[in-house]
Every structure is written in structure tokens, then in C-alpha cells.
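Number of protein chains: 2
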Amino acid sequence: MLTGWRRNPNRFQFVTKLEGGILPDGTNMRTPYGLEIIENCLSCPHREERLFCNLPEQTVKALSAITSSASYPKGATLFVEGQPARGVFILCSGRVKLSTSSADGKTLILRISEPGEVLGLPATVTGTCYELTADVVEPAQSNFIARNDFLGFLKDNGEAALRVAQQLGETYHAAIAEMRTIGLSHSAGEKLARFLLEWAANYPEEKGQIRLKLTLTHEEIAQMIGSSRETVTRLLADFRRKQLLQVMGSTLIIKNKAALESIVTG
Amino acid sequence: MLTGWRRNPNRFQFVTKLEGGILPDGTNMRTPYGLEIIENCLSCPHREERLFCNLPEQTVKALSAITSSASYPKGATLFVEGQPARGVFILCSGRVKLSTSSADGKTLILRISEPGEVLGLPATVTGTCYELTADVVEPAQSNFIARNDFLGFLKDNGEAALRVAQQLGETYHAAIAEMRTIGLSHSAGEKLARFLLEWAANYPEEKGQIRLKLTLTHEEIAQMIGSSRETVTRLLADFRRKQLLQVMGSTLIIKNKAALESIVTG
DNA sequence: GCCATTCCGTGACAATCATCACGGGTGCCC
DNA sequence: GGGCACCCGTGATGATTGTCACGGAATGGC
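Going line by line, the protein sequences match chains A and B.
With the first sequence counted from 1, adding 1 to any position gets you the numbering used here.
With the second sequence counted from 1, adding 1 to any position gets you the numbering used here.
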């Protein structure tokens, strides 16, 4: 457990404690990289908008007491599928990929988590093993709460327990949604269309177009829809040819939402 | 709202209130069939073993006060995907199929629920729409708790809220497990093998064999693993030919678990 | 016992898509 | 700047499996 100011390549940052994540090379996580550090949940930009942070000031303070903050570089691993749950990670910034994979190396990505989400919640609450692996895809800061502390906090704090239940409900909801895209489609094209539309649902529509950021490689998209890298490449090219969408780097513009919808309808 | 003793084809039964399920013909559920009626959760056989029922006597009584019990025949529908959540159904006996389906009629079954499980929990807690459809496949009795009552109860009852969170976690866990069978398999055979092994996990192994009850049609199995009825038929025949298993009516015997496992491993 | 419906078995066929293979592009690090 | 990863594009190929079609078995209601 480390506490104090630490030197970084770019800047200093304060690390209250350091929860052991795992670097890509298998070593423990020890070198948080420079990020915008959120020291205090009361001033966290997500406090108002996000489910779990939006609690009475009193409660947030109680949470802070058992929380340890850490930053993780791209490629770091917060936890691994099958590991006994140590506790929850509240994602303050950055993005984290949640996935599961089979013995032969095939990977299925379930979700790209955004700030405000609580990772490892189901396993921590039920006291089982993490069912997914959490990899940082965009440098992240997260608050860790150990399982025992967390459960104790919930016991003393009915409202927080309810929030946890709600967050779990939403997580489940999202899982079912992905399930639908994977399980109910007749073709890879349908899966991709479903995926794009779901993704676009978080972005505003203007003039019949939707601009969205999609910082995923074709490989990763394939892993989200249960397909192969090559088919994703081909399908995207196909969609572009048919004027359904347009790609500029990591931004994607849906030009014909109706057509995509008609693909999923069948 | 009905209260009192009601005549049934076979026997009398007591119905405290009647929560509106929907019969296969679309009419509301009004004619509960003869079942072993569980009048009192304190004497419910699942009380000790199941998560949600296993609460202090005091708490269970508080629950009873807001609970209404009803019985449903095979084919009845407890709730439908997309419907605003009215509340939760605690399954006391019977079995219920949870599924989602696409516009063109393709169906994906997520789970066959057993007594003790709480149905409609995620949607009720988050205040959204039911994400699945619940159909009775084996005559069922369930306790209904309306959303507002339920949320109020949880607020006054920290421990129950925690239990709810745990139940949600388990539900999520199960969803992820099915996700894996559907999303990580290379072939339908692999999916079927995965499915059978998961199903068998609830049954004891003796002398290298596992006897299990599988009251599902090939069609339903297909809908669980995201495949077609014909391939399930063919694959089961194939497995039988290869001496991996043996089918006698609705009981299935896994004779070579190792071989099945080697199929999923790849 | 008869009719109707559901369920299971099986053949033929076509389409989709995973896989392999390879090359070109881009960025990153030394 | 040279090499090394990684990512994207594309062709050829073959296995898998969804789909259609049909008949027989089984089940259940009257």
C-alpha cells in the first residue's frame, strides 16, 4: 500500500493507496500514468449524472473512507475472469473493456465501460469469482473498494444498497441487449447493424444523421458481435458502398439509419 | 382484485388476490388450476434453501403483507418483453421460461426458472420495461409484489435489499454463462455440448454418468443455444451414435462427460 | 378410438462465413 | 530512418448449418 505524491513521466499525481491491477506483461500494476486525477468524489463531474455517485453527501463521505484510488495505463488489467472477487472498481475516467474468452483463445467482448460505472459488482456482491476480464483500453482512473468494506457499507446504508441493485439491473439489461444482437440475428450483417444501432443510441440524431465515436478495431467489433475480423471489414465496406454510413478515422456517421433498421428487421 | 376460496376443476384453493397474467389466447389469467398451494412463506419448502425467502421471520411477514398469490396453468404468460414493469413474481412452484424474440419470430430462451427465483427483478428495480417474456411451462404458483410496495419494502429493509442485489448478481452470472455458450462456440455441436454440461452441473455424477431431466423440446433447446431444431435433432442423434449420451423420454444420461468436455475445449 | 396437433427424424441444397494467406498502410520505438 | 507491431483490405476455398420439404411417431382431447 502506497500513499503520497509520485513522479510520473509527465506530471505529479497523488495516489492514496494502490490497488493491485496487472500489467499486460503479467507484473503487478505499479506505475500509474498521468491523468486528470479526481481526488474527491464530491467534486467528481459524474456525481450528479451517474447512478452510484449520486448519493447524499454524508454517504459519499463514508464511501470515500474505504476507497482507494489508482490510475491505470492502457493495457492494464483490473481483474481477470475466474479470479475470486476482491472488490469493486468505480470507474472515474477512461474506458475499460469487459470480456470473456474460451480455452482456444476466442474472445467475446461484453461491454466497453464508461466513467461512473461500477466494475466487478455482481461477483463482489454474490461473493463468487469475477465472471469477466477487465482491460483498460483508454487510460483510466478508478476507485477501489474491498469486498468486506463494501458489503459493510451496504449493510449500514439501505439507500446505497438499492442503488447497487439498480446498477446491477442496468448491467443485466445491457447484457440482455447484447445477447439479442448475438443470438437473434440470422446473419453477420444483421448483427453488425444491430450493434451499430445500439451504439448509436447514445448519440443524438441530427438531420437524419448520427455522428458517433467508435474507438474499436475491426477485430474488437468482431469480438463484440461474435464474428470474425474479416467479415466485419467486408461488411463495413459493404455498408459504405451502399451509402448506409461513412467512416472518418474513429468517427462513424450513420447516413441511413432506416436502412440499417430494415436490415435488423429482416 | 379477488379474495376468497375459488372452485377449480379438481379442488378448492385459496386465492388472496389475483395478479393479472395473460393466457395463451390473450385474455387475462383468471382460472388458476389445481396445484399444491403454498399459503405461507414461513412454511415454504424453499424458505431455507433459497436466497430470497431465507430472511428473518419478521421480514418474511412484512413481505407477506404486500404479497398476492396466484396459480398459473401451462402456457400462461406472467409478463411480456417491453411491458412496463408492474412488479416481481416470486416463483413458488412450477417452471417458467424466460425468452426474448425478434420481429421475424425467432426466439432466444435465456433461462428456465425454478422455484425460489424472483422473476422480473431487474426491470422492477430499475423501473424500466421487462426485458424478457415469462411463459409458464410447468403449472406454477407465484407470489406477486407490486413495484411500489416492493421498493418501499426494500427501503425499510436493508438486508432484503442486499439479498436482492445478490439475486441480481446470480441472474447476471447465469446470463453471462449462456452468453458464453452462444458466443464463444465455433460450431453448433460445441454449443450443444456446452449447454448439456451446464445443465448437468445441477445434477450429481455417479459412476461417471449423470442422469438429468431435460423437459425441453428440440425446438426449445435450439432456442437456448441459438441454433435450429433440425441441427439439434441431428446432433443429439450423433452424440447418441458416438455413445456420449443416452435418451429415455425426458431423462438424458451423459455417459461420456469427458468427451463432451473435449468438444467444448476444441 | 379417432382426430389434431405437436414433436421428431432425415434428405437435399444453397448460402454464409470462418479460415488461411498475403500485401500494403500507419504509427511507434529505438 | 529502419524495423517492428498492429491494423485494414481482399481473394479463394470449403465446411457448417439454416432452410425447405415430407413422413412417421407420439400425445392429448373429446
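Quick reminder that beta carbons are idealized off the backbone N, C-alpha and C, glycines included.
Bear in mind that the values here come from a model prediction, so they are computed numbers and not experimental data.
Anticipated Cβ contact below 8 Å, residue i with residue j, distance rounded
i	j	result
Pro74/A	Pro140/A	6 Å
Leu246/A	Leu236/A	At roughly 11 Å, the Cβ-Cβ gap does not stay under 8 Å, so Leu246/A and Leu236/A are not in contact.
Residue of the options minimising C-alpha distance to residue i
i	options	result
Ala161/A	Ala63/A, Ala260/A, Leu261/A	Ala63/A
Cys119/A	Ala104/A, Thr68/A, Ser102/A, Leu217/A	Residue 119/A is actually Val in this sequence, not Cys. Among Ala104/A, Thr68/A, Ser102/A, Leu217/A, the Cα nearest to that of Val119/A belongs to Thr68/A.
Gly267/B	His187/B, Phe154/B, Val138/B, Thr129/B	His187/B
Gly184/A	Gly227/A, Gly88/A, Ala238/A, Ser102/A	Gly227/A
Ile222/B	Glu206/B, Arg195/B, Lys208/B, Gln247/B	Arg195/B
Val137/B	Gly153/B, Arg112/B, Gln168/B	Arg112/B
Leu217/A	Gly190/A, Phe240/A, Val248/A	Val248/A
Leu109/B	Leu133/B, Val97/B, Ile211/B	Leu133/B
Val97/B	Gly121/B, Gly209/B, Leu155/B	Gly121/B
Ala104/A	Ala202/B, Leu215/B, Glu191/B, Ile255/B	Glu191/B
Ser65/A	Leu79/A, Phe154/A, Arg87/A	Phe154/A
C-alpha distance - residue i paired with residue j, whole-angstrom precision
i	j	result
Tyr204/B	Leu213/B	6 Å
Ala135/A	Ser102/B	30 Å
Ala71/A	Arg241/A	41 Å
Ser251/B	His219/B	11 Å
Leu193/A	Arg230/A	12 Å
Ala189/A	Pro57/A	46 Å
Ala238/A	Leu198/A	17 Å
Ser100/B	Thr172/A	18 Å
Val233/A	Val89/A	33 Å
Phe145/B	Leu152/A	28 Å
Gln167/B	Gly95/A	28 Å
Ala147/B	Pro123/A	25 Å
Val165/B	Ile264/A	38 Å
Leu284/B	Cys130/B	Residue 284/B lies beyond the range of chain B shown here (2 to 267); nothing can be said about it.
Asn149/A	Ile255/A	46 Å
Ser114/B	Ile91/B	10 Å
Leu163/B	Ile211/B	35 Å
Val61/A	Lys107/B	46 Å
Gly83/B	Ala175/B	21 Å
Gly209/A	Gly128/B	30 Å
Arg87/B	Cys93/B	19 Å
Leu215/B	Leu215/A	43 Å
Buried/exposed call for residue i, threshold 16 Cβ in 10 Å
i	result
Pro85/A	exposed
Ala77/A	buried
Val126/A	buried
Val81/B	exposed
Glu49/B	With a pLDDT of 40 at Glu49/B, under the threshold of 50, the modelled position of that residue is not reliable, and the figure given next carries that caveat. Glu49/B should be labelled exposed.
Glu207/B	exposed
Lys268/A	Any question about residue 268/A goes unanswered here, given that chain A covers just 2 to 267.
Gln59/A	exposed
Ser143/A	buried
Lys18/B	Low per-residue confidence applies at Lys18/B: pLDDT is 40, beneath 50, and the placement is therefore not dependable, though the value from the model is reported in the following sentence. Flag for Lys18/B reads exposed.
Gly170/A	buried
Glu224/A	In the sequence under discussion, the amino acid at residue 224/A is Gln, which differs from the Glu named in the question. So Gln224/A ends up on the buried side.
Ala201/A	buried
| Touching by the beta-carbon criterion (3+ pairs, under 8 Å), the segment 175-182 of chain A and the segment 255-263 of chain A | Short answer: they don't touch.
| field | Segment contact, 8 Å Cβ cut-off, at least three pairs: the segment 152-166 of chain B with the segment 154-172 of chain A | value | With the cut-off at 8 Å, the segment 152-166 of chain B and the segment 154-172 of chain A touch.
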